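In full-length UniProt numbering, the protein residues as written are 1 to 574.
Only one structure is covered here, and it is reproduced in the block below.
The following block contains the structure:
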């Protein structure tokens, strides 16, 4: 029997079309949602599970295996929800796993809903690939309800991999609604640009009117950006007080700063009762004279190694008196002059004051700071590794939010003006998907989020990753400001410098300058229409609007502030 060549060709074309229709990967927008609540039932997996098979366990354990010679069982809730249970666990890595195929040079966002059979346990997700074990995120899972883990990773090379969960606790781990969604670098960047446009820019309409409120058609309008609406700053060292070149370089770029060490307790009270604020006072005056806002860093540091030497061995009564004097001295001195306080630094990793005063020491410090500075000053927790290291279980986003809630719950008035400070001491290669996922989770706390001490460990990729980090922060709608931890000192910076000692930009400085320009609006000019309107897309910030019209003897200028949430129509009366 002969086969008709044309019929065979048509059959193949039809078959290829059918395969393309059913199997083509659909491009998804990035899902910024996350959860800090513990729910009675888990929601559906994000992105339908992405590349994970049977992500919701609707067909039992199909596609899933026991990892590490553990035991695997199927569980179900009274409502009929099905999930996997890693049981009889005696090793951290004994859990639920699935083998997947990863793509080259790709960003992955990863999420899952987890529960444990008893108490509370830290559970992390690990991706085993090419002999490496990549930590992609974690969560403090509880018994009796489901907690969301959201994380991510970036692949360098593709190939076979295995996702599994691990915990140092021996409780059973329940797993449901797992998702692993790939995004090309281009897709990731496009999502970021779209978010930045929505979060940081606005289309406005300005109308020029005469003193009677009548529109002025044909008026010449110019717009000049006076101050960028997104606070981008850098740490400042005391060297700025005696170096005019440092002063000019810094003041020409930054709108906000943090003093690197000069306001810390060991700097202002090097010996008991011998206070000296002359340096931070002078630095504050320099900042004020140049329109630079200042964050107060810090009132207390929970690291025992960062206390003034004379403080470390004080008996309880003397330590209580010294701490009381410290907070009253520094906060009262600068009350109303700062935009923020890092009230307790790094109280997720350390507990110097909690060990001496009790578990609620941080709560008491925040309450005292608010009573001493009653204005709009934000009161920050400030912590490292919450964005940087998915493997640091002490600083997980869930742990951060839990500590924040404790501080507010112990004294509800602390809730007014609380804020999240994320230090951001990164090392290359930076896990950008995890950074975004962590911000998604922290955003659910509903308080301002700042990156407070951003730097990147040295190497050929330092400038590249700095730009990636800054773009992620700028694009994320929860982030309200960024400070670079790059205070200049002639002997070298902490980790990352922006300039050399002659204040010529290094590649990192070029990145910062380029982004400052990109995130600002260049001067604009135009003419009003028949109704006196002119329309422009502007970055958030303060603008000087100047209007000239043939009926006027002179130009008229007015200040306009463009920001998220405000109206989009502005009236310029001339």
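Glycine is no exception: its CB is placed at the ideal position from the N, C-alpha and C atoms.
What you are looking at is a predicted structure, and each value in this text was computed from that prediction instead of being measured.
Local Cβ density within 10 Å of residue i, reported as buried at 16 or more and exposed below that
{"i": "residue 191", "result": "buried"}
{"i": "residue 458", "result": "exposed"}
{"i": "residue 193", "result": "exposed"}
{"i": "residue 425", "result": "buried"}
{"i": "residue 182", "result": "buried"}
{"i": "residue 58", "result": "exposed"}
{"i": "residue 46", "result": "buried"}
{"i": "residue 574", "result": "buried"}
{"i": "residue 302", "result": "buried"}
{"i": "residue 119", "result": "exposed"}
{"i": "residue 612", "result": "No statement about residue 612 is possible, as the shown extent of the chain runs from 1 to 574 and does not include it."}
{"i": "residue 185", "result": "exposed"}
{"i": "residue 259", "result": "buried"}
{"i": "residue 454", "result": "buried"}
Sheet register partners of residue i (DSSP bridge)
{"i": "residue 133", "result": "128"}
{"i": "residue 575", "result": "What the structure shows of the chain is the stretch from 1 to 574, and residue 575 is not part of that stretch, so it cannot be assessed."}
{"i": "residue 484", "result": "234, 454"}
{"i": "residue 207", "result": "533, 571"}
{"i": "residue 382", "result": "345, 421"}
{"i": "residue 215", "result": "209"}
{"i": "residue 499", "result": "505"}
{"i": "residue 146", "result": "39"}
{"i": "residue 306", "result": "DSSP output for residue 306 lists no bridge partner at all."}
{"i": "residue 258", "result": "235, 295"}
Residue interval of the alpha helix (DSSP H) (run including residue i)
{"i": "residue 406", "result": "397-410"}
{"i": "residue 302", "result": "First-last for residue 302: undefined, no H or E at that position."}
{"i": "residue 97", "result": "Run containing residue 97: none in the alpha helix (DSSP H); it sits in the beta strand (DSSP E), 95-102."}
{"i": "residue 596", "result": "Limits of the chain in this structure are 1 at one end and 574 at the other, which puts residue 596 out of reach."}
{"i": "residue 389", "result": "Where residue 389 is concerned, there is no enclosing alpha helix (DSSP H), given that its DSSP letter is neither H nor E."}
{"i": "residue 470", "result": "462-475"}
{"i": "residue 241", "result": "Looking at the DSSP string, residue 241 is not in any alpha helix (DSSP H), and its letter there is neither H nor E."}
{"i": "residue 87", "result": "Premise fails: residue 87 lies in the beta strand (DSSP E), 82-87, not in any alpha helix (DSSP H)."}
{"i": "residue 362", "result": "361-372"}
Separation of residue j from residue i, as counted between CA atoms
{"i": "residue 519", "j": "residue 466", "result": "16 Å"}
{"i": "residue 371", "j": "residue 410", "result": "15 Å"}
{"i": "residue 229", "j": "residue 52", "result": "41 Å"}
{"i": "residue 70", "j": "residue 114", "result": "17 Å"}
{"i": "residue 239", "j": "residue 542", "result": "30 Å"}
{"i": "residue 356", "j": "residue 349", "result": "16 Å"}
{"i": "residue 105", "j": "residue 153", "result": "10 Å"}
{"i": "residue 587", "j": "residue 497", "result": "This structure leaves residue 587 out entirely; the chain is present only between 1 and 574."}
{"i": "residue 168", "j": "residue 507", "result": "42 Å"}
{"i": "residue 263", "j": "residue 452", "result": "15 Å"}
{"i": "residue 333", "j": "residue 189", "result": "45 Å"}
{"i": "residue 173", "j": "residue 129", "result": "22 Å"}
{"i": "residue 378", "j": "residue 88", "result": "47 Å"}
{"i": "residue 72", "j": "residue 63", "result": "12 Å"}
{"i": "residue 416", "j": "residue 325", "result": "24 Å"}
{"i": "residue 548", "j": "residue 422", "result": "46 Å"}
{"i": "residue 563", "j": "residue 322", "result": "43 Å"}
{"i": "residue 396", "j": "residue 557", "result": "49 Å"}
{"i": "residue 505", "j": "residue 499", "result": "4 Å"}
{"i": "residue 136", "j": "residue 463", "result": "24 Å"}
{"i": "residue 211", "j": "residue 572", "result": "10 Å"}
{"i": "residue 108", "j": "residue 177", "result": "16 Å"}
{"i": "residue 580", "j": "residue 206", "result": "Missing from the structure shown is residue 580; the chain here goes from 1 to 574 and no further."}
Residue range of the beta strand (DSSP E) that includes residue i
{"i": "residue 570", "result": "569-573"}
{"i": "residue 182", "result": "173-184"}
{"i": "residue 556", "result": "556-562"}
{"i": "residue 163", "result": "159-166"}
{"i": "residue 109", "result": "106-116"}
{"i": "residue 67", "result": "65-67"}
Residue i beta carbon near the ligand HEM (any heavy atom closer than 7 Å)
{"i": "residue 363", "result": "The ligand HEM is absent from the structure shown, which contains no ligand whatsoever."}
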